[in-house]
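>
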Amino acid sequence: MKSKTENKSTTGPSNRVVWITLLIFLVIPHIISTPLATEIMIFGLFALGFNLLLGHTGILSFGHAAYFGLGCYSCGMAIRYFGASVWTALLASSAMGALLASIIGALAIKKRGVYFAMISMAVAQMFYFLALSPLKKWTGGEDGLKFIPKLSLKYPFYVDLQSPFPLYYFVYFIVGVSILLIWRILNSPFGRLLQAIRENEERTIASGYNVTMAKFVSLVFSGLFSALAGGLFCVYLGYGPLQTLFWLTSGTILLMTILGGMHTFIGPVVGVAVFLYLQNKFSWVMERWELVVGIMFVGLVLVFPAGIVGTIKSKYLGRQATAKQNAEADSAEEPV
Amino acid sequence: MELNFSLIMTQVLFGLALGAVYILMACGLTIIFGLLDVVNFAHGTFYMLGAFAAFVIISLFGNFWIGLVSAVFIVGLIGWATESFLIKPLYGKDPLYPLLLTFGFSVAVTDLMRGIFGTIGKIVELPKGFTGSLMMGGIFLPKYRVFIIFLTLAVLIFLWFFFKKTNLGMIIRAATRDSLMVRALGVNVSRIWTFGFALGVGLAGLAGAVNSTILPALPDMGVEMTIECFVVVVIGGLGSLGGAILGGLIIGQVISFVSLLASDYSNVAIFFTMLVILLVRTRGLFGEAGRL
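Residue numbers (our numbering), protein chains in the order written: chain A, 1 to 336; chain B, 337 to 628.
Below is the structure:
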């Protein structure tokens, strides 16, 4: 009988996927437009962070724009008001994201999924309104956070972040390291615990694990990476748009994650790539792009909930499993 | 600006009128959630549709009351169709899916309305006899706001009567508790669900129609209303009509007084309130015991 521990689906994502992805991103700015590629990486990181919570822990947050936007504004503010370097600013973004996630976690992580989704949405909306009006003096209100001084890296060597290629490879570096970190988180006993929580929370609790703490940590990581992505977005744009805090941002990252496949590791990045590519091609021509997005969403949920990578995986794995079964059947010994 | 009694009472009244709209919304959301276990992320969108339906009918027929009533039925009908074709296929699957679907639905419909009606708000004229205010004991009572309060009271009484005294109401209450059992007893639960959804969004449509004389109807107001609705329901506890009512009342007063005292924060106030209440009583004021 085949050893149970060889069952691939209970271990984490294979590192092949990670290296292939990193390789693809290494060369892609020479194939498609560099800004688009940069955006794909940034939102890809956002989606991976988001999916850490959704696809891997099974918790839906409808307000992840809060982390993204907070990260974006933190980075911009750190540079503009405190004269921080880009490295420090990104560190600040990540820290703020983790902090916000801790607060939200402390308040809401024990709640039923439904409540958590609503609370997260409400908190994000609160930040949006805060940035829009009462805190206008610091955030720039509707215009967003502007006038961020010339962006460049001083350490370890000088990099001009205003020109596309150096900017791209800087983002590549940060996102690449993050992807490896996220991969490592998922490919660990902790990652397996998250999977257990997603599959059957009650049983995991009954098995004696501190599920609340695990969910909390997952949320904190999720907030951290999403905020880091937000910080990168600010570096990429050179300013901090209010849109980053808007509910549509939360909805779009959700759509892209599901489009790619929320129960896979790299699915969200694929979803981001496909969506941003389509948006790049079509939103200029179509006035009713949001209508298309909404219909896409509805269609996905009804017809294709496993997403692109999810569907591919189940077809491919399905064929693999069948082939294995056939091979075993052929080589099995005759019963005595 | 001195805070005298008359000013405070006026604000309380405004708060009640505001709260009334939120109560209608929250009750609709609670009915849908209790019966179908679906969190209707498109609830505010139906509110928006109600406002537009009222605007269109009133523009066509000139009569406010026809507009109000038709709006409820139109939205109810749209809800009927939505549940039958979009939500029903998702039963039995991951409870995440109806959430996602209703969200996508709201994005799509909002943009569709933007395409049809543009982004300039449409406002409905106050019906004759409801313009102006009453003066009672030195307090200003705008007639229309009083109307809203009484209308909501009437609706609540109707709902109470419906759920407690009618057969269909009883079936719905039973289905909220245990759908499987109701089905085993021979009731077509699927149709009950559709009706429940239509009823829930009908309430939202009513709220939108009623508000159409006060706020201009804009496609984008749907999602904002949904989020505010969620705050009401988180405060009051999801699954309890009493909670929906209490939550609505609280939110109404909060918005009213914050608009008066610190108008810059009027948008944010309800979220602060939600956070404070969460800190103090983690499952909402009327939340179901043991089910956080």
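Each residue gets a CB set at the ideal place from its N, CA and C atoms; glycine is no exception.
Using a C-beta to C-beta distance shorter than 7 Å, which residues of chain A count as neighbours of B/V604?
Stepping through the second sequence from its first residue, residue 604 of chain B is reached at position 268. Neighbours of B/V604 on chain A, chain order: M126, F129, L130 and P134.
> Checking contacts by CB at 9 Å: is A/E201 closer than that to chain B?
As a working note, residue 201 of chain A is residue 201 in the first sequence. Chain B contact via Cβ: absent.
> If you pair each beta-carbon of the stretch 573-592 of chain B with each one of the stretch 425-440 of chain B, do three or more pairs fall below 8 Å?
Cβ pair count under 8 Å is below three, so no.
> Does the pairing of the stretch 601-616 of chain B with the stretch 513-530 of chain B give three or more beta-carbon distances under 8 Å?
They do not touch, by the three-pair rule.
> Which two residues bound the contiguous beta strand (DSSP E) that contains B/S670?
Residue 670 of chain B lies beyond the residue range present for chain B, which begins at 337 and ends at 628; the question has no answer from this structure.
> Does the beta-carbon of A/K154 have 16 or more other beta-carbons within 10 angstroms, so that it is buried, or is it exposed?
Here residue 154 of chain A refers to the residue found at position 154 of the first sequence. So A/K154 counts as exposed.
> At 8 Å on the CB atoms, spell out the chain B contacts of A/V301, in chain order.
Translated into the one-based positions of the first sequence, residue 301 of chain A becomes position 301. What A/V301 touches in chain B: L426, Y433, L436, L437 and G440.
> Could you check the C-alpha separation between A/L194 and A/A124 for me, to the nearest Å?
Indexing the first sequence from 1 puts residue 194 of chain A at position 194. Indexing the first sequence from 1 puts residue 124 of chain A at position 124. Near 25 Å, if we compare the C-alpha coordinates of A/A124 and A/L194.
> So, is the C-beta of B/D430 closer than 9 Å to a C-beta in chain A?
Stepping through the second sequence from its first residue, residue 430 of chain B is reached at position 94. Answer yes: the Cβ-Cβ gap between B/D430 and chain A drops below 9 Å somewhere.
> Along the chain, where does the beta strand (DSSP E) that runs through B/P463 open and close?
Residue mapping note: residue 463 of chain B aligns to position 127 of the second sequence, counting from 1. Premise fails: B/P463 is in no beta strand (DSSP E) and is neither H nor E.
> Provide the residue span of the alpha helix (DSSP H) that contains B/I475, from first to last.
Locating residue 475 of chain B in the second sequence gives position 139, counting from the first residue. B/I475 -> not in any alpha helix (DSSP H); beta strand (DSSP E) instead, spanning I475 to P478.
> Looking at the secondary structure, which residues open and close the alpha helix (DSSP H) in which B/D447 lies?
Numbered from its first residue, the second sequence carries residue 447 of chain B at position 111. Looking at the DSSP string, the run of the alpha helix (DSSP H) that includes B/D447 is L432 to F453.
> I'd like to know whether the C-beta of A/E290 is nearer than 9 Å to at least one C-beta of chain B.
Taking the first sequence and counting its residues from 1, the one referred to as residue 290 of chain A is at position 290. Output row for A/E290: interface = yes.
> Heavy atom of the ligand ATP less than 8 Å from the Cβ of A/F233, yes or no?
As for the ligand ATP, it is missing from this structure, which has no ligand bound.
> With DSSP run on the structure shown, which of helix, strand or coil describes A/V226?
What you label residue 226 of chain A is simply residue 226 of the first sequence in a count that begins at 1. Checking the displayed sequence, the identity of residue 226 of chain A turns out to be Ser instead of Val. Helix at A/S226.
> Which chain A residues are close to B/A356, counting only those with a beta carbon under 8 Å from its beta carbon?
On the second sequence, residue 356 of chain B is found 20 positions in, with the first residue counted as 1. Neighbours of B/A356 on chain A: none; closest Cβ ~21 Å, over 8 Å.
> Are the CB atoms of B/T467 and B/L554 within a distance shorter than 9 Å?
Residue mapping note: residue 554 of chain B aligns to position 218 of the second sequence, counting from 1. Residue mapping note: residue 467 of chain B aligns to position 131 of the second sequence, counting from 1. Against a cut-off of 9 Å, the Cβ pair of B/T467 and B/L554 comes out as no contact.
> Helix, strand or coil for B/F378, going by three-state DSSP, please let me know.
If you number the second sequence from 1, residue 378 of chain B lands on position 42. Note on identity: in this sequence residue 378 of chain B is Ala, with Phe being the wrong assignment. Looking at B/A378 - three-state DSSP - the assignment turns out to be coil, as it is neither helix nor strand.
> Please classify A/K150 as buried or exposed, where buried requires at least 16 other C-beta atoms within 10 Å of its C-beta.
The residue labelled residue 150 of chain A in the question sits at position 150 within the first sequence. Per the 10 Å Cβ criterion, exposed.
> In chain A, what lies closer than 7 Å to B/F566 by C-beta?
Counting from 1 along the second sequence, the entry for residue 566 of chain B is found at position 230. Near B/F566 (Cβ distances below 7 Å), the residues of chain A are M118, M121 and A122.
> Secondary structure at A/L153, three-state DSSP: helix, strand or coil?
What you label residue 153 of chain A is simply residue 153 of the first sequence in a count that begins at 1. Of the three classes helix, strand and coil, the one that applies to A/L153 here is strand, per DSSP.
> Below 8 Å, can you find three or more Cβ-Cβ pairs linking the stretch 364-371 of chain B to the stretch 401-412 of chain B?
These segments do not touch.
> Any idea what DSSP makes of B/A553, helix, strand or coil?
Translated into the one-based positions of the second sequence, residue 553 of chain B becomes position 217. Three-state result, B/A553: strand.
> Look at B/I507 and B/V518 and say whether their C-beta atoms are less than 9 Å apart.
In the second sequence, the residue the question calls residue 507 of chain B occupies position 171. In the second sequence, the residue the question calls residue 518 of chain B occupies position 182. Going by C-beta atoms, B/I507 is nearer than 9 Å to B/V518.
> Compute the Euclidean distance between the alpha carbons of B/G451 and B/A444, then round it to the nearest angstrom.
For the purposes of this step, residue 451 of chain B is taken as residue 115 along the second sequence, with counting starting at 1. For the purposes of this step, residue 444 of chain B is taken as residue 108 along the second sequence, with counting starting at 1. Spanning the two alpha carbons is a distance of roughly 11 Å.
> Measuring alpha carbon to alpha carbon, tell me which residue in B/Q347, B/L614, B/L582 and B/W496 is nearest B/F476.
For the purposes of this step, residue 476 of chain B is taken as the residue at position 140 of the second sequence. The residue with the shortest Cα to Cα distance from B/F476 is B/Q347.
> Give me the chain B residues within the contact set of A/A323, using Cβ-Cβ distance strictly less than 9 Å, ordered along the chain.
By 1-based counting over the first sequence, the position of residue 323 of chain A is 323. Neighbours of A/A323 on chain B: none; closest Cβ ~29 Å, over 9 Å.
> Along the alpha helix (DSSP H) that carries B/L422, what are the first and last residues, could you check?
Residue 422 of chain B sits at position 86 when you count from the first residue of the second sequence. First-last for B/L422: undefined, no H or E at that position.
> Along chain A, in chain order, which residues have C-beta atoms closer than 8 Å to that of B/A600?
Within the second sequence, residue 600 of chain B is the residue found at index 264, counting from 1. In the sequence as presented, Ala is not what sits at residue 600 of chain B; that position holds Asp. Neighbours of B/D600 on chain A, chain order: S133 and P134.
> Mark B/E461 as exposed unless 16 or more other C-beta atoms lie within 10 angstroms of its C-beta, in which case mark it buried.
By 1-based counting over the second sequence, the position of residue 461 of chain B is 125. Looking at its Cβ environment, which holds fewer than 16 other Cβ atoms inside 10 Å, B/E461 is exposed.
> For A/S14 and A/R184, what's the separation of their Cα atoms in angstroms?
Counted from its first residue, the first sequence places residue 14 of chain A at position 14. Counted from its first residue, the first sequence places residue 184 of chain A at position 184. Whole-angstrom Cα-Cα distance: 10 Å.
> What is the C-beta distance between A/F127 and A/L232, in whole angstroms, given that I count them as a contact (C-beta under 8 Å)?
Locating residue 127 of chain A in the first sequence gives position 127, where the first residue counts as 1. Locating residue 232 of chain A in the first sequence gives position 232, where the first residue counts as 1. About 19 Å separates the two Cβ atoms, so there is no contact after all.
> My understanding is that B/G584 touches B/Y383, with C-beta atoms under 8 Å, so please give their C-beta distance in whole angstroms.
Along the second sequence, one-based indexing puts residue 584 of chain B at 248. Along the second sequence, one-based indexing puts residue 383 of chain B at 47. No, B/G584 and B/Y383 are not in contact; Cβ-Cβ is about 13 Å, not under 8 Å.
> Quick check: A/A101 and A/V220, are their CB atoms within less than 9 Å of each other?
For the purposes of this step, residue 101 of chain A is taken as residue 101 along the first sequence, with counting starting at 1. For the purposes of this step, residue 220 of chain A is taken as residue 220 along the first sequence, with counting starting at 1. Closer than 9 Å, so yes.
> Can you say whether B/V616 is buried or exposed, counting buried as having 16 or more other CB atoms within 10 angstroms of its CB?
As a first step, residue 616 of chain B must be located in the second sequence, where it is residue number 280. By the neighbour-count rule (16 or more Cβ atoms within 10 Å), B/V616 is not buried but exposed.
> In angstroms, rounded to a whole number, what distance separates the CA positions of A/M262 and B/L396?
Along the first sequence, read from residue 1 onward, the residue named residue 262 of chain A stands at position 262. Along the second sequence, read from residue 1 onward, the residue named residue 396 of chain B stands at position 60. Cα to Cα, A/M262 sits roughly 47 Å from B/L396.
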